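Trainee:
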Amino acid sequence: MIAQPKASHFIDGRHVEDAAGAPIDVIFPATGEVIARVHEATPAVIERALASAARAQKEWARVKPVERARILRRAADLIRDRNQELSELETLDTGKPIQETTVADAASGADALEYFAGLAPTVTGETMPLGRDFVYTVREPLGVCVGIGAWNYPTQIACWKGAPALAFGNAMIFKPSETTPLSALKVAEILHEAGLPAGLYNVVQGRGAVGAVLVSDPRVAKVSLTGSVPTGRKVYALAAEGIRHVTMELGGKSPLIIFDDANLENAVGGALMANFYSSGQVCSNGTRVFVQKGIKDRFLARLKERTEAIRLGDPRDPDTQMGPLVSAAQLDKVLGYIEAGKREGARLVTGGHRAGPNSGWFIAPTVFADVTDEMVIAREEIFGPVMAVLDFEHEEDVVRRANATEFGLSAGVFTGDLARGHRVVAALEAGTCWINAYNLTPVETPFGGSKQSGVGRENSKAAIEHYTQVKSVYVNLGDVDAPY
Ligand code: NDP
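Under this note's numbering, the residues of the sequence shown are numbered -8 to 475, in order.
1. Check whether the Cβ of L400 lies closer than 7 Å to any heavy atom of the ligand NDP, and answer yes or no.
2. Give me the Cα-Cα distance between A212 and E24, rounded to the nearest whole angstrom.
3. Between the C-alpha atoms of T357 and T33, what's the straight-line distance to the nearest angstrom?
4. To which residues does DSSP link Y192 through a beta bridge?
5. Is N143 near the ligand NDP, with its Cβ less than 7 Å from a heavy atom?
6. Where does E169 land, buried or exposed, given buried means 16+ other C-beta within 10 angstroms?
7. Given 7 Å as the limit, tell me if C274 has its C-beta closer than that to any heavy atom belonging to the ligand NDP.
8. Could you check whether F159 and A149 sit closer than 8 Å to each other, using their CB atoms as the reference points?
9. Reducing DSSP to helix, strand and coil, say where L104 ends up.
10. At what residues does the beta strand (DSSP E) containing S215 begin and finish?
11. Less than 8 Å between the beta carbons of M521 and F267, yes or no?
12. Kindly indicate which residue of V135, R61, L176, V57 has the alpha-carbon position closest to the one of T146.
13. Can you list, in chain order, the residues of its chain whose CB lies under 6 Å from that of G412, leaving out five sequence neighbours each side?
14. With distances taken between CB atoms, is the gap from L241 to A262 smaller than 8 Å?
15. Can you list, in chain order, the residues of its chain with a C-beta nearer than 8 Å to that of V114? Leave out the 5 residues immediately preceding and following it.
16. By alpha-carbon positions, which one of R210, D323, G153 ends up nearest to G138?
17. Go ahead and label A67 buried or exposed: buried means 16 or more other beta carbons lie within 10 angstroms of its beta carbon, across all protein chains shown.
18. Should I37 be counted as a contact of the ligand NDP given a C-beta to heavy atom distance under 7 Å?
19. Would you kindly report the start and end of the unbroken alpha helix (DSSP H) that includes E131?
20. Thinking just about the alpha-carbon of each residue, which of V380, F19, E386, V367 is nearest to the one in T396?
21. Quick check on the burial criterion: 16 or more other C-beta atoms within 10 angstroms. Buried or exposed for G140?
22. Locate the beta strand (DSSP E) running through E240, then write down its first and last residues.
23. Ignore the nearest five residues each way along the sequence and tell me which others in I62's own chain have a CB closer than 7 Å to its CB.
24. Out of D472, S99, Q321, Y465, point me to the one whose CA is closest to M354's CA.
25. Give me the DSSP bridge partner(s) of H6.
26. Helix, strand or coil for W51, going by three-state DSSP, please let me know.
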């Protein structure tokens, strides 16, 4: 097995194995080959993770922020030094092309570690003068945080959750998706190599049930989930039982609006980036592409041309631009949506079938035109390379239709009229919007959803709010005035 890790879990600074846990085969999506086998965490493993995190966090909270920062920065450097090796593992784990993983995965994780290292020493409280007396506030860590990841950006998610948690004095127990369990183990190894004390970043493997046990434990103060809306509902409800803090990064069905006056090449490029990166398995994807009537024909012609030029193939080949879907289950789901699109009368412009090497879970990048709002492919998150193009004529109408969804993760506008760009994003119900761009998520930017797409924000200074809590201290400088 070409990607077998040293052990399934990483706990208290060490690799930990317990073969009594149910086996999980890790499959390279391009060939179906089993590349590793890990074991689901047993109750004993989960207990070790929780106990060590609870112990280590108490010490870590007392470490000066600049010292915490130094360790995180060292980890960021190690990740950058090993970008190639980490990207190759990410490609095996997820099937994403090496062309993408070398720029978007470990690199983004390193950015998060570096950014939060920089932010850690800047977190301070306030003072409120009250005449004779005063109040000061302290931003304290929450305690033990649980991170639960989806399978599309395993390294990035492990870092986006781990970096702010650790920077602000918390411990993290991370459960990767059972589909992509490998790279979080590498993140844990690197953090400890950089000097992180044992117990502060633990990785436990398992399916949803392991996540549920972690979320329910009284020692856990916060849960950050990246996953689908149905899983978000379950995890949020479990966390609510213990009145725990949550960050929910959930799914979407985001609108991308292209006005007649947009630059054609940029608009087509934006739509491609909004639908086909990572084989379309990106939560913020702009999968409802609303195109104004005047540009529609030119847009579709160029879109078809550029889509058909996308190179599918072995994701390890640097020339490959699109890999397979992550799993057989995801392939079936996406093929089901393509059938629904055809059945409901959407016009297939290109794709719509399996492609690439037979043994892998590949789908040709697919574009449907003449899609209408009530079609299933315009309402549900597909999480595959399937773009739905819808027509519109008037700005007010398209804004209303763009907002007519339970989701609110992201949105994009392409227009030559910047005033219109700002006016439209102001009216769109979404956590992250782009004007003449799509899917750029630098660590400096708050990222997260509104409506059913989630609560809380990751990255940026906003993460301070989500990984710390405020303690207020009233200081009385006089006598106590008691009426008794
Ligand atoms: P899932 O919701 O299926 O799973 C997410 C994680 O939750 C997995 O680790 C899963 O474990 C775990 N889990 C499942 N059930 C429970 C439970 N009852 N209690 C605790 N943990 C549980 O999502 P996918 O992995 O399929 O990822 C795709 C989804 O993630 C899409 O909807 C996508 O939009 C969303 N996503 C959102 C992002 C954002 O930032 N907003 C970014 C990336 C993806 P297991 O894998 O073992 O089932």
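For glycine and all other residues, C-beta sits at the position ideal for the given N, C-alpha and C.
Quantities reported herein were computed from a predicted structural model and do not represent experimental measurements.
Mentor: So, to answer that:
1. yes
2. 39 Å
3. 42 Å
4. M163
5. yes
6. buried
7. yes
8. no
9. helix
10. 211 to 217
11. One cannot answer for residue 521 here, as it falls past the ends of the chain, which runs -8 to 475.
12. L176
13. V404, T406, I426
14. no
15. P56, R130, F159, I455, T459
16. G153
17. buried
18. no
19. Careful: E131 lies outside any alpha helix (DSSP H), inside the beta strand (DSSP E) at 124 to 132.
20. V367
21. buried
22. 236 to 240
23. A185, G186, L187
24. First, the amino acid is wrong: residue 354 is Ile here, not Met. The residue with the shortest Cα to Cα distance from I354 is Q321.
25. F1
26. helix
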